[in-house]
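Below is one structure; the comments refer to it alone.
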DNA sequence: TAGATTGTTAATCGATTAACAATC
DNA sequence: TAGATTGTTAATCGATTAACAATC
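Residue numbers (this note's numbering), protein chains in the order written: chain H, 130 to 339; chain W, 130 to 339.
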């Protein structure tokens with residue numbers, strides 16, 4: 130069985146919770162603990178672990194340190210993951226300067242923008258023109274890009290990103306881009322999320338189904 | 130059957146595609162058209178429509194104008210939906226000034242921040258201290274909040290938001306907050322999304338399962 | 001009419017959960 | 001030992017898809 134996106138999402142959450150438990154002094158955890166913390170069944174925790182050959186001891190549970198090491202390897206935390214930000218408007222620059230990346234083993238190595246007035250190769254995180262996409266991406270072995278450009282620019286940019294060797298795009302434009310064979314795309318649409326919540330909030334009488 | 134989050138997400142996407150088709154001159158569409166555009170089966174389109182009593186004509190398909198009107202009603206587009214932004218740091222202010230809300234029938238009526246130096250009730254979109262949450266939320270009948278605060282502040286803020294009558298929270302802090310009975314929470318975690326993509330990009334040999 | 005498309009029922013598929021033997 | 005917990009198999013559940021009668 131191949132891991133699905135949902136399973137990997139849960140692995141990230143196990144990892145996050147395990148660090149919290151570790152800081153509380155936990156040496157070992159049971160599938161029950163993790164299930165409670167994530168609001169899922171202990172069986173699912175065990176099943177997920179089983180898929181990745183993460184084993185525990187009957188009655189003894191799982192060793193926090195051991196699972197964490199395994200999870201870090203699976204999620205690529207043993208190497209710094211370089212990413213770029215394409216589109217350095219308000220949203221893009223807010224993301225570039227977000228300081229949560231480092232502690233998650235990620236680094237924004239550069240920004241890119243079509244607007245020459247935003248280009249600044251001397252900045253702490255340099256900003257280049259789009260013509261430098263391939264050069265910089267190859268130099269830093271970048272595989273993943275955050276895309277914060279206007280909706281109209283998004284579709285054509287995908288081709289440039291692919292040519293530059295980008296395999297994963299986190300798209301913030303309010304347009305649902307479909308993954309291709311050669312490129313995984315995740316869409317984060319604030320408008321869509323709000324619209325979704327607004328529906329359920331406006332229909333609270335209907336029991337919320339999540 | 131109650132609509133799930135996924136179904137509402139698809140309704141949003143039908144709506145988006147339908148506006149595009151309308152601008153291309155389409156008067157009617159078939160479930161095939163919509164399925165193709167969204168990469169889903171025509172059966173699913175018909176099933177979704179059926180759930181909301183959106184009907185078409187055998188052989189004649191669906192009338193674009195009619196479905197759009199229905200979808201707009203379902204998704205609350207017939208009334209302006211007021212939202213607030215809690216936490217006016219870089220991310221929060223980038224969101225407040227994002228100009229995609231208006232065309233989707235949403236309006237950011239105010240921002241809130243614990244830091245008094247950010248408070249500015251005279252700004253185009255006024256920024257208040259947290260003590261004004263209830264007053265302003267009630268004044269503008271706000272039910273949904275965008276939360277862009279540091280992780281450490283997030284949990285306690287939920288209580289304040291609930292007291293202010295907020296029923297839905299779009300959380301940007303990198304902490305997976307669980308929905309409660311009285312409050313729907315959607316988490317948007319850039320780090321989690323990146324981590325997820327990084328996994329699949331680093332394991333491209335394993336066929337991607339989406 | 002013949003062909004195409006809806007609306008719905010039944011079948012399939014995949015993901016979650018229950019159950020339980022193994023065993024610490 | 002008795003009780004608790006893992007690891008896995010079988011059962012369940014829900015969502016998607018196939019099939020098809022109705023009909024335009």
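In this text, a Cβ means the ideal position worked out from N, Cα and C, and glycines have one as well.
The structure displayed is predicted, hence computed values, not measured ones.
Short CB-CB distance (under 8 Å) between residue i and chain W
i, result
"residue 227 of chain H", "yes"
"residue 254 of chain H", "no"
"residue 327 of chain H", "yes"
"residue 243 of chain H", "no"
"residue 303 of chain H", "yes"
"residue 267 of chain H", "no"
"residue 309 of chain H", "no"
"residue 138 of chain H", "yes"
"residue 240 of chain H", "no"
"residue 142 of chain H", "yes"
Simplified DSSP state of residue i, which is helix, strand or coil
i, result
"residue 278 of chain H", "coil"
"residue 325 of chain W", "helix"
"residue 191 of chain W", "strand"
"residue 131 of chain W", "coil"
"residue 207 of chain H", "coil"
"residue 287 of chain W", "helix"
"residue 243 of chain H", "coil"
"residue 157 of chain H", "strand"
"residue 136 of chain H", "helix"
"residue 332 of chain H", "coil"
"residue 178 of chain H", "helix"
"residue 201 of chain H", "helix"
"residue 270 of chain H", "coil"
"residue 231 of chain W", "helix"
Cα-Cα separation, residue i to residue j
i, j, result
"residue 241 of chain H", "residue 315 of chain W", "29 Å"
"residue 181 of chain H", "residue 191 of chain H", "14 Å"
"residue 174 of chain W", "residue 163 of chain W", "7 Å"
"residue 151 of chain W", "residue 167 of chain W", "16 Å"
"residue 302 of chain W", "residue 326 of chain H", "17 Å"
"residue 331 of chain W", "residue 299 of chain H", "15 Å"
"residue 171 of chain H", "residue 313 of chain W", "24 Å"
"residue 159 of chain H", "residue 178 of chain H", "12 Å"
"residue 144 of chain H", "residue 155 of chain W", "49 Å"
"residue 250 of chain H", "residue 157 of chain H", "48 Å"
"residue 193 of chain W", "residue 328 of chain H", "21 Å"
"residue 233 of chain H", "residue 320 of chain W", "7 Å"
"residue 272 of chain H", "residue 268 of chain W", "47 Å"
"residue 203 of chain H", "residue 275 of chain H", "22 Å"
"residue 283 of chain W", "residue 305 of chain W", "10 Å"
"residue 140 of chain H", "residue 323 of chain W", "13 Å"
"residue 131 of chain H", "residue 289 of chain W", "42 Å"
"residue 225 of chain W", "residue 237 of chain W", "7 Å"
"residue 334 of chain H", "residue 311 of chain W", "11 Å"
Interface flag, residue i vs chain H, CB-CB below 8 Å
i, result
"residue 134 of chain W", "yes"
"residue 282 of chain W", "no"
"residue 223 of chain W", "yes"
"residue 201 of chain W", "no"
"residue 216 of chain W", "no"
"residue 173 of chain W", "no"
"residue 168 of chain W", "yes"
"residue 153 of chain W", "no"
"residue 190 of chain W", "no"
"residue 213 of chain W", "no"
"residue 186 of chain W", "no"
"residue 331 of chain W", "yes"
"residue 220 of chain W", "yes"
"residue 285 of chain W", "no"
"residue 291 of chain W", "no"
"residue 198 of chain W", "no"
"residue 294 of chain W", "no"
"residue 162 of chain W", "no"
"residue 235 of chain W", "yes"
Residue i CB to nearest heavy atom of the ligand ADP below 7 Å
i, result
"residue 316 of chain H", "You won't find the ligand ADP in this model; it holds no ligand whatsoever."
Which residues DSSP lists as bridging residue i, in chain order
i, result
"residue 196 of chain H", "DSSP lists no partner for residue 196 of chain H."
"residue 299 of chain H", "H/275 and H/315"
"residue 249 of chain H", "H/256"
"residue 236 of chain W", "W/211"
"residue 186 of chain H", "H/190"
"residue 309 of chain W", "W/312"
Any contact of the stretch 256-263 of chain W with the stretch 190-204 of chain W, i.e. 3+ C-beta pairs under 8 Å?
-> no
Counting pairs of Cβ atoms below 8 Å between the stretch 285-298 of chain H and the stretch 203-212 of chain W, do you hit three or more?
-> no
With a cut-off of 8 Å, do at least 3 Cβ pairs link the stretch 183-190 of chain W to the stretch 214-228 of chain W?
-> no
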